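Everything on this sheet refers to the single structure shown next.
Residue numbers (mature numbering (1 follows the signal peptide of the UniProt record, and there is no 0)): -31 to -1, 1 to 1004.
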């Protein structure tokens, strides 16, 4: 779409180290990615939405993450969630009794999420703390039939999403995020489908809603017994800074374990959490609407669970209320102080309004808006008895929403869906007032630099006591007058950025943007769309900081999100590594403050927090803006396109790691070597083993390092290997494990007949991530006949040349490939004295388990592939890659296969895996992509548009390129090489046009490298075109 397949943009092609060294245009370390010469496209909602969905893949949890087809650097994690002990936790948490109105004014809906603060090792010093479930033994015994049908004494609660850059699965932000992503898809499904992103968003909605149903336990009559709304404990989880894959028992990251506690918190009759149940019910109800036409059986199941959870929420709701007064709720879920719920009335209303859309049962609407008209106060008003009573006590009053749709307060969403059902002045007023509040300002405020024209007043719907039962439809709103009082408006930065809270300002802003888009869709009134568009421009880089607040967007973006998995620290430090190992594509960081200022620093959890709820409204906002501005005919249509053939894991190898001096560091397993106390009879050595696996991070339990040395000069003097002795000076593994584990140093082993030997250091059953130091000495023994120590020159040892004196175990200059590493008996790092490398062994091993597949021939609707035999394989699986997922096509025992019923001019990505030792390998590295022929196929090998003329206009400082026409071309495209990568300028030049003129006023003295490509038979001639470019310098 837009750019087509001509040349795909890949930010991963430029390493962080390279970015630092260029120094002029692109910077990265300890700062956002900035390329001043190439500002972002501020209106590409398509790409921004494509990336935004990726964040949820980075936050997946459970035993089905590996191989889900999205991120290669994410793997199964917290698998122990599948074995939560079904035992009462001690002490049992208290029931959350909500907040008073005064407390709400102070911290409404903020949430502390991953606040970056370590707690005093809660749960570490007391092994019994944060273990089990918040159920009494009596409750467990009564309901064990439903809770533990297999009788193993544990619960399987795997799945779901981590909340943020931490790894707790929190309740309210999780259900809010799921329902809001689903809401955006429900409202703007056309945007997702047109961009080819419907499969991706549906995968995310399946993942999280399937989890909600999995952790809901029902009796024989489908009544809810228990619903698990939280797994993990923030007070314990936030002590650790490491990827989730490493939070495993009996392992160490740096110098300590990262095995977090994973208690489970349930909503039950004895420990109610009506807010949590209602939130999940809303998400499942929306999921029913999103899948009822495409997956009816699945949708029906979602609706069953939605109704059951809503009924259970209503049943367990506890309140203290007097008609005409503000009620208090006493049945809220536990959160440990991180996402404290204000009350449950809004979640109940959120679920009820969506259940109405599912069933058209008006009783659900009455649950929200019910009024007791038999009771009248001294002002003639009737008390509300529905959920609305929490914000409007009686019909003599109304409500102005000066917050926003968010994880703790979903009234904004409630009224967006309630108003078109009730069609009352009250509900339309509340819906619209919130958008006027967000987008407007007083008339005396200078808004000339905001990029949009704000509203300066609020529509007057009538007196408060008039609104509740006055019928009004959306088309009547336009004729309403502006109130004589200007009313309140949200605070704005100097550049017009709307800020309701400095903690995650962007999440609130984009949620308001989603509501603005829904208002336009519902009312056909586009008053608030320009504001939403301008705010998104700001997010995507048109702001004083000069970069996007969406990670990975465009050429300039925040790059240090507060996220453990993407940062991938081996030292449990937010400052190490300097650059994030992985790109957390699409994550919306916290955003700027009221001064338009932002800090792009990993440890800043205010400016750079990333969470599920941040991206939820963001996705819907982008889908809405694409619907109104990005589609064909829209104002920004030409600027909208997704990244074709986007590979989320293209930079997952971690090649861009650097030390403090900007020197590149390797990833995987490698070795640093050091020397000290060199004497005539030997040397003291320091070997540091590094586990810096990143794709994904993992543990190895049996690793060996070999130090090679030579005794030729000793042999020439009549001595043999028996005169070499070893002395162990320091074993870091032993120190960290209180001598429970040790590295073992072998006796010398002969390597060749040239005097070369090695000693082997073995780390067995020592699962660690980071580095481990081992110091030892190799010296000669005393000659018993001469009473002297034979002289031995260590400087000619094979492993000696790279050794340096170093204090920093992570220093780049200390890394050596002459100290080799082995895992499971295979060489994984370094080069042996005979020249054998880890790459050689990997190649031979890969060949033995992974067949090499080739495409023998293609037609317009078929393709034949073949592959080599693999020793030990009993069969082969043919796998196809479609929309981010590998799926098995068929199995066979032969070594060739023909695909049929394919589409002309279409690319297909396939892989062949060998079935060896009872299983398929999970390595798709030898995947093959082929393209079928067009129905009127002509060979385009060697074909490209030859540039035959270059003209320069000194008056306008612009260049015109002319090329020879290409037979069969349907259109032409232009790409320019800038800042280290090819950038597509256009792909829409017609087949009858053979020239292209650049924009005016090109920079004098700047050199441009230009390629022209043709699209023939549905394929761009990119390969040939990049071989035949034109280079010009502006005068």
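Quick reminder that beta carbons are idealized off the backbone N, C-alpha and C, glycines included. These numbers come from a predicted model, not from an experiment.
- Can you say whether residue 566 is buried or exposed, counting buried as having 16 or more other CB atoms within 10 angstroms of its CB? exposed
- Helix or strand or just coil, what does DSSP make of residue 19? helix
- Around the C-beta of residue 860, are 16 or more other C-beta atoms found within 10 angstroms, so that it is buried, or is it exposed? exposed
- Could you give the DSSP three-state label for residue 63: helix, strand or coil? coil
- Query: Run through DSSP, which three-state label would residue -10 get?
  - Reply: Residue placement at residue -10 cannot be trusted, given a pLDDT of 29 that sits under 50; what the coordinates show is reported in the next sentence. The answer is helix: DSSP assigns residue -10 an H, G or I state.
- Item | Of the listed residues 878, 968, 856 and 19, nearest to residue 587 (C-alpha basis) | 19
- Message: With three or more C-beta pairs closer than 8 angstroms as the rule, is the region 301 to 308 touching the region 198 to 205?
- Response: yes
- May I have the straight-line CA-CA distance separating residue 606 from residue 598, to the nearest angstrom? 6 angstroms
- Item | 3-residue-minimum beta strand (DSSP E) runs that sit fully inside the region 427 to 510, ordered along the chain | none
- Name the DSSP bridge partner or partners of residue 729? 675
- Inter-residue CB distance, residue 990 and residue 902 (contact presumed, cutoff 8 angstroms): That pair is no contact at about 15 angstroms.
- Message: Using only the alpha-carbon positions, how far apart do residue 289 and residue 245 sit?
- Response: 19 angstroms
- Query: Counting pairs of beta carbons, one from the region 223 to 233 and one from the region 262 to 278, are three or more of them closer than 8 angstroms?
  - Reply: no
- Task: Decide yes or no for the touch test of the region 707 to 719 against the region 728 to 748: beta carbon pairs closer than 8 angstroms, at least 3 of them.
- Result: yes
- Got a sec, what are the start and stop residues for the alpha helix (DSSP H) residue 741 sits in? Segment 737 to 749 is the beta strand (DSSP E) holding residue 741; no alpha helix (DSSP H) there.
- Using a Cβ-Cβ cut-off of 6 angstroms (strictly less than) and excluding sequence neighbours within five positions of residue -14, which residues of its own chain qualify? Low confidence applies to residue -14: its pLDDT is 27, below 50, so where it sits in the model is not reliable enough to give any reading.
- Task: Determine the DSSP secondary structure at residue 645, reduced to helix, strand or coil.
- Result: strand
- Mind checking who residue 545 pairs with in its DSSP beta bridge? 542
- Any idea what DSSP makes of residue 982, helix, strand or coil? strand
- So, do the region 401 to 408 and the region 342 to 353 have three or more beta carbon pairs nearer to each other than 8 angstroms? no
- Do three or more CB pairs link the region 47 to 54 to the region 590 to 604 at distances below 8 angstroms? no
- Could you round the C-beta distance between residue 337 and residue 321 to whole angstroms and report it? I think they count as a contact, below 8 angstroms. 5 angstroms
- Message: Here's a check: name, in chain order, each residue in its chain whose Cβ is nearer than 7 angstroms to the Cβ of residue 315, leaving out the five neighbours to either side.
- Response: 378, 379, 380 and 383
- Message: Taking the straight line between their C-alpha atoms, what separation do you get for residue 561 and residue 894?
- Response: 40 angstroms
- Message: Quick check: what's the CA-CA separation for residue 39 versus residue 21?
- Response: 13 angstroms
- Query: If you scan the region 370 to 433 from start to end, which runs of the alpha helix (DSSP H) of 4 or more residues do you find wholly inside it?
  - Reply: 380 to 391 and 394 to 408
- Task: Let me know the secondary structure DSSP gives residue 290 once reduced to three states.
- Result: coil
- Task: Could you check which residue in 297, 463, 441 and 932 has the C-alpha nearest to that of residue 961?
- Result: 932
- Query: Under a three-way DSSP split, which group does residue 915 fall into?
  - Reply: coil
- Message: Rounding to the nearest angstrom, what Cα-Cα distance links residue 993 and residue 525 in this structure?
- Response: 30 angstroms
- What number of angstroms, rounded off, separates the C-alpha of residue 937 from the C-alpha of residue 983? 9 angstroms
- Message: At the level of alpha carbons, what is the spacing between residue 951 and residue 942?
- Response: 12 angstroms
- Reducing DSSP to helix, strand and coil, say where residue 954 ends up. strand
- When every heavy atom of the ligand SAH is checked, does at least one fall within less than 7 angstroms of the C-beta of residue 946? The ligand SAH is absent from the structure shown, which contains no ligand whatsoever.
- Task: Kindly identify the DSSP beta-bridge partner or partners of residue 661.
- Result: 637
- Query: With distances taken between CB atoms, is the gap from residue 699 to residue 744 smaller than 8 angstroms?
  - Reply: yes
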